[in-house]
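Participant: Let me give you the structure first, and then I'll get to my questions.
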Amino acid sequence: MTTSAPVIGVVGNDVPRQLLLAVGGHPHRLTGSWEGDIDPVAQQLLGATDVAVTRLLTELREEARAVDGLVVCNDSQAHLRLFYVLRATAPELPLHLLDMPRDDSEPARRFARFQLEALAAFCSGLTGRALDDASLADAAVVEAALGDALRRLRVRRRADPPQCSGAGALDAILDAARLAPSEAVSRIDAAQTSVPAGVTRVHMTGSSHPDAAFYRELERDGRCVVVSEDHDTGDAAWLGPAASGATVAEVIEGLIDAHFERVTTSATATSADRVALTREVAQAAGADVVAAVVRDLDEGPLWDLADQRAALEGRPLISVRVTPGAETESARELVRGLVGPAVPA
Amino acid sequence: MSGARTAGASRLESAAAATAFQKEWFLRLAERARAGEPIALANADAPHELLRALGIPYVVNQWWSSIISAKRAGPASLAAVAAQGMPDDSRQYDVLPLGAQDLGDTDAPWGGLPEPRFAIAERSGDVTHKIFERWGRRPGTETFLLSRTAAVPAPAGWWDRVAHDWEDVFGAARIDLLEGEIRMLAATLEQRVGRALDHGRLAEIMALANEQAEWNRRTRDLLAAARPLPVAVTDIIPAVMVPQWHRGTAWAVEAARRLHDEVARRIDEGHAVHDGERRRLMWIGRGLWSDLDMYRSFQEEFGAVFVWSMYLAIAADGYARYGDDPKRALAARFVGLTDLLYVPPMSSSWYVKEALAHGVDGVVHLVADDTPAPGVITSALEERGIPVLEIRASNADPRATGDVRERIAGFVRERVPAAR
Ligand code: SF4
Ligand code: SF4
Chain S
1 MTTSAPVIGV VGNDVPRQLL LAVGGHPHRL TGSWEGDIDP VAQQLLGATD VAVTRLLTEL
61 REEARAVDGL VVCNDSQAHL RLFYVLRATA PELPLHLLDM PRDDSEPARR FARFQLEALA
121 AFCSGLTGRA LDDASLADAA VVEAALGDAL RRLRVRRRAD PPQCSGAGAL DAILDAARLA
181 PSEAVSRIDA AQTSVPAGVT RVHMTGSSHP DAAFYRELER DGRCVVVSED HDTGDAAWLG
241 PAASGATVAE VIEGLIDAHF ERVTTSATAT SADRVALTRE VAQAAGADVV AAVVRDLDEG
301 PLWDLADQRA ALEGRPLISV RVTPGAETES ARELVRGLVG PAVPA
Chain G
1 MSGARTAGAS RLESAAAATA FQKEWFLRLA ERARAGEPIA LANADAPHEL LRALGIPYVV
61 NQWWSSIISA KRAGPASLAA VAAQGMPDDS RQYDVLPLGA QDLGDTDAPW GGLPEPRFAI
121 AERSGDVTHK IFERWGRRPG TETFLLSRTA AVPAPAGWWD RVAHDWEDVF GAARIDLLEG
181 EIRMLAATLE QRVGRALDHG RLAEIMALAN EQAEWNRRTR DLLAAARPLP VAVTDIIPAV
241 MVPQWHRGTA WAVEAARRLH DEVARRIDEG HAVHDGERRR LMWIGRGLWS DLDMYRSFQE
301 EFGAVFVWSM YLAIAADGYA RYGDDPKRAL AARFVGLTDL LYVPPMSSSW YVKEALAHGV
361 DGVVHLVADD TPAPGVITSA LEERGIPVLE IRASNADPRA TGDVRERIAG FVRERVPAAR
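The listed protein sequences derive, respectively, from chains S and G. Counting from 1, position 91 in the first sequence corresponds to residue 91 in my numbering; the numbering is continuous, with no gaps. Counting from 1, position 103 in the second sequence corresponds to residue 103 in my numbering; the numbering is continuous, with no gaps.
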């Protein structure tokens, strides 16, 4: 099944995977990277855009056929631009925009329903299978199993000392968003590393991380460990939620409820909601410090920093802004800030 | 003004009149607000007509921002933003008014903006909603956000269809959402100010706005056909923009008509902005407010005049919406308005059409950080044989635009042959 299922690329964090799985699709999240090449044409097409997305466009222009179709979420300006550019320049790629509204209301729910039905129709077109009650129920079971595995991972990370490094966890979560559901569960469960006691426990906020390179650099010399995060390629990735219902319409209603209940990425959520999430997760994970890593041109998180500083009583917040090419230095600078001069290198 | 060609013609009366009216109007509005009348701060792409129909005076965020910059209160306003822990290098143009609220009546332009009772915006980009979230935390101000859906569908060639055929151009689902939100906003505002929305009044306002758009369309058509250029773009911009902020009033219709008549008269009288016009240039993107003289500075050496800016052109093609239900037509006016300017293929096909209609020889494309997919617009023009210079800069930030003149001069010299 894994090899034959059409691969549906997913950019962004609003896609309810249950719908893709139910029509026999294989969701495959695409995130770009921290350090990959940048094609000047991609750069020129996108203009001033979060470099992780420019790298993603670079990859897509090289091998668009790695996916059978692509769903892009309107959950940040960078993603929306990517959609517009692909629509204008890659006519051969089956492409769909998922445009979920942000404020819950009756008209917003109607629009969300329209969006999820259109998403299902697009994916059905790729797989040749329509949405039905039975396949939605099956998809709910496998997706929920992934949710359970992620909860187990969360417990391991929050243990003292943690039983999984931040980089190990992030790698596993990113892989899980690309594997078939059953393999994803074993991948998550295999994410276990031993971390010595007494290491500085870090909660990560700010921009999402396209891969684990930054975490790896942060954890390299063993002084820090990322025990939790609230960005949407890590623990806040929308993996696991599934809705049950007797009919397709009921399931879609359930998914709309779930969409409006979660706190989405900084570009779409209020600062107040983002900050409440940061505080709650950092607290639950017993983080010593909160680190905000914000990539250049990813503006949303910058506007949350003031509130975050004010709200994290007792827990210091250290922020860095990362410019393209300076990722490694920024990570090192952050470590120095996090562990302080008192700790010998 | 004898009928012989007058070069470097004196300033448009319509422009001077609009600018004078605007200050007058603001001072009156501020006075009423200080006397306790609720006013609104609205983003440029919020449904202003609803506020007008409800009798709630409003100030447009981007307009107020331009006044703050022009009165040199920008740096102090940004410093106030930074003092609150917010970034001062992100969305400067949208956040200046928020910072200016902390300046005090003497440092803020024109005595400052009285605290708005309502702050209303469509969610555009990653940050507008966060700036308006901050407005909503100020005592006495309540924020309302409307959804901004993405440009799907996105038809090329929309300009001939959008005034009537808007259901199709934007898609009914998108209009449904914004219309629903406008209805909810209307109900809340009615409750807050204790007045009922009069549908007849809203329909009237929509009709006036359509009339205004028709005058703008005629003015644009005149300018597209006129050789040489009879009026400087920098004069056209205030003469068309100030009335836009008063859209839906008899004054605005009259101002648009007056602009049209004045342009027609200048054409009849044979005015020329520059006598030796040999190259016609198009300016895509927001205006470079920090250096207005720049627009005139290529005339002597190259005979190059800027003949086009988006302000009149979008006012001509983008705003008219006819229909029986004024709330739905209002939703259709705003649901995809900025997409027409920025999202290909709507944007790219439109710039090509306008460039051809105006006989443009070269294009300067100012690409701001929030311009999506600029490369697609540039290539659409170049494919039609129109050379394009892309300049990446924020129009509000003088540091980023220091060498613009030299770059444009180089571009004109090397890539824009004299057509006449
Ligand atoms: S120039 Fe663009 S961003 Fe500025 S007010 Fe007009 S539409 Fe909005
Ligand atoms: S558009 Fe230009 S002239 Fe009109 S108000 Fe804004 S800055 Fe001033």
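Positions of the beta carbon are idealized from the N, C-alpha and C atoms, including for glycine.
So, is the C-beta of Thr128/G closer than 8 Å to a C-beta in chain S?
Facilitator: Not closer than 8 Å to any Cβ of chain S, the Cβ of Thr128/G fails to qualify, so no.
Participant: Short of 6 Å in beta carbon distance, which residues of its chain neighbour Ser208/S, apart from the five on each side in sequence? Order them along the chain.
Facilitator: Cβ neighbours of Ser208/S beyond the five flanking positions: His231, Asp232, Thr233.
Participant: Hey, out of Asp361/G, Tyr322/G, Leu27/G, whose CA is closest to Arg384/G's CA?
Facilitator: Measuring from the Cα of Arg384/G, the nearest candidate turns out to be Asp361/G.
Participant: Suppose you measure from the CA of Leu41/G to the CA of Ala373/G; what does that come to, to the nearest Å?
Facilitator: Using only the alpha carbons, I get a separation of about 29 Å.
Participant: From Leu136/S to Ala249/S, what does the alpha carbon distance come to, in whole angstroms?
Facilitator: Their Cα atoms are separated by approximately 11 Å.
Participant: State yes or no: is the beta carbon of Phe260/S nearer than 8 Å to at least one beta carbon in chain G?
Facilitator: So, not an interface residue.
Participant: Since Thr219/G is in the alpha helix (DSSP H), which residue starts that stretch and which ends it?
Facilitator: Where Thr219/G is concerned, the enclosing alpha helix (DSSP H) stretches over 199-225.
Participant: Can you confirm whether Leu136/S, when its beta carbon is compared against all beta carbons of chain G, has any partner nearer than 8 Å?
Facilitator: So no, Leu136/S is outside the interface.
Participant: How is the alpha helix (DSSP H) around Gly410/G delimited, first residue to last?
Facilitator: Counting along the chain, the alpha helix (DSSP H) containing Gly410/G begins and ends at 404-415.
Participant: Verify the CB distance criterion: does Met184/G have a CB-CB separation below 8 Å to chain S?
Facilitator: Interface residue, yes.
Participant: Report buried or exposed for Gln84/G, applying the criterion of at least 16 other Cβ atoms within 10 angstroms of its Cβ.
Facilitator: Gln84/G comes out exposed.
Participant: What residues match up with His96/S in a beta bridge as DSSP calls it?
Facilitator: DSSP lists Val71/S as partners of His96/S.
Participant: Flag Asp45/G as yes if its beta-carbon sits less than 8 Å from any beta-carbon of chain S, otherwise no.
Facilitator: Chain S contact via Cβ: absent.
Participant: Which residue from Leu29/G, Ile377/G, Ala320/G, Thr188/G puts its Cα closest to that of Thr143/G?
Facilitator: Checking every option, the nearest Cα to that of Thr143/G belongs to Thr188/G.
Participant: Which two residues bound the contiguous alpha helix (DSSP H) that contains Ser69/G?
Facilitator: Counting along the chain, the alpha helix (DSSP H) containing Ser69/G begins and ends at 61-70.
Participant: Please list the partners that Trp303/S has in chain G, where partner means a Cβ-to-Cβ separation under 9 Å.
Facilitator: Here the neighbours are Met86, Pro87, Ser90, Arg91, Asp126, Val127, Lys130, Ile131, Glu133, Arg134.
Participant: What's the gap between the Cα of Ser76/S and the Cα of Arg134/G?
Facilitator: Distance between the alpha carbons of Ser76/S and Arg134/G is about 20 Å.
Participant: Under three-state DSSP, which class holds His28/S?
Facilitator: It is a strand residue.
Participant: Nearest to Leu302/S by CA position, among Ile68/G, Ala82/G, Ala73/G, is which residue?
Facilitator: Of the listed residues, the one whose Cα sits closest to Leu302/S is Ala82/G.
Participant: Use the C-beta contact count for Glu217/S: other C-beta atoms within 10 angstroms, 16 or more gives buried, fewer gives exposed.
Facilitator: When all chains shown are included, Glu217/S counts as buried.
Participant: The alpha helix (DSSP H) with Phe302/G in it runs from where to where?
Facilitator: Looking at the DSSP string, the run of the alpha helix (DSSP H) that includes Phe302/G is 299-302.
Participant: CB Arg266/G to CB Pro243/G, shorter than 8 Å?
Facilitator: Not closer than 8 Å, so no.
Participant: For Phe111/S, go through chain G and note every residue whose CB falls closer than 9 Å to its CB, in chain order.
Facilitator: Neighbours of Phe111/S on chain G, chain order: Ser147, Thr149, Ala173, Arg174, Asp176, Leu177, Gly180.
Participant: Please report whether the beta-carbon of Asp403/G lies at a distance below 8 Å from any beta-carbon of chain S.
Facilitator: Taking Cβ atoms only, chain S never reaches closer than 8 Å to Asp403/G, which makes this a no.
Participant: If contacts are defined as beta-carbon pairs under 8 Å, then Ala100/G and Ile131/G qualify, I think. What distance do you get, rounded to the angstrom?
Facilitator: Not confirmed; about 13 Å, so no contact.
Participant: Taking 8 Å as the CB-CB limit, is Asp369/G close to chain S?
Facilitator: Yes, Asp369/G lies at the interface with chain S (some Cβ there is under 8 Å from its Cβ).
Participant: Who are the Cβ neighbours of Val69/S in its own chain at under 6 Å, not counting the five residues just before and after it?
Facilitator: It is worth fixing the name first, because residue 69/S is Gly in this sequence and not Val. Excluding positions up to five away in sequence, the list reads Ile8, Pro94, Leu126.
Participant: Just grab the DSSP bridge partners of Ser379/G for me.
Facilitator: DSSP output for Ser379/G lists no bridge partner at all.
Participant: For Val495/G, which residues in chain S fall below 8 Å Cβ to Cβ?
Facilitator: Because chain G spans 1 through 420 in this model, residue 495/G falls outside it and cannot be assessed.
Participant: Which residues in chain S have a C-beta closer than 8 Å to the C-beta of Ala373/G? List them in chain order.
Facilitator: The answer, in chain order, is Leu45, Leu46, Gly47, Arg81, Tyr84, Val85, Ala88.
Participant: Shortest alpha-carbon distance to Asp171/S belongs to which of Thr58/S, Thr49/S, Gln192/S, Gln115/S?
Facilitator: Selected option, being the one with the closest Cα: Gln192/S.
Participant: Taking Asp261/G as the reference, which of Glu277/G, Leu208/G, Arg220/G has the closest Cα?
Facilitator: For Asp261/G, the nearest C-alpha among the options comes from Arg220/G.
Participant: With H, G and I counted as helix, E and B as strand and the rest as coil, what does DSSP make of Tyr319/G?
Facilitator: The answer is coil: DSSP assigns Tyr319/G none of H, G, I, E or B.
Participant: Determine the DSSP secondary structure at Ala159/S, reduced to helix, strand or coil.
Facilitator: Coil.
Participant: Beta carbons nearer than 9 Å to chain S: which residues of the segment 384-395 of chain G have them?
Facilitator: Listed by position along the chain: Glu390, Arg392.
Participant: So if DSSP puts Ile318/S in a beta bridge, which residue, or which two residues, is it bridged to?
Facilitator: Per DSSP, Ala291/S.
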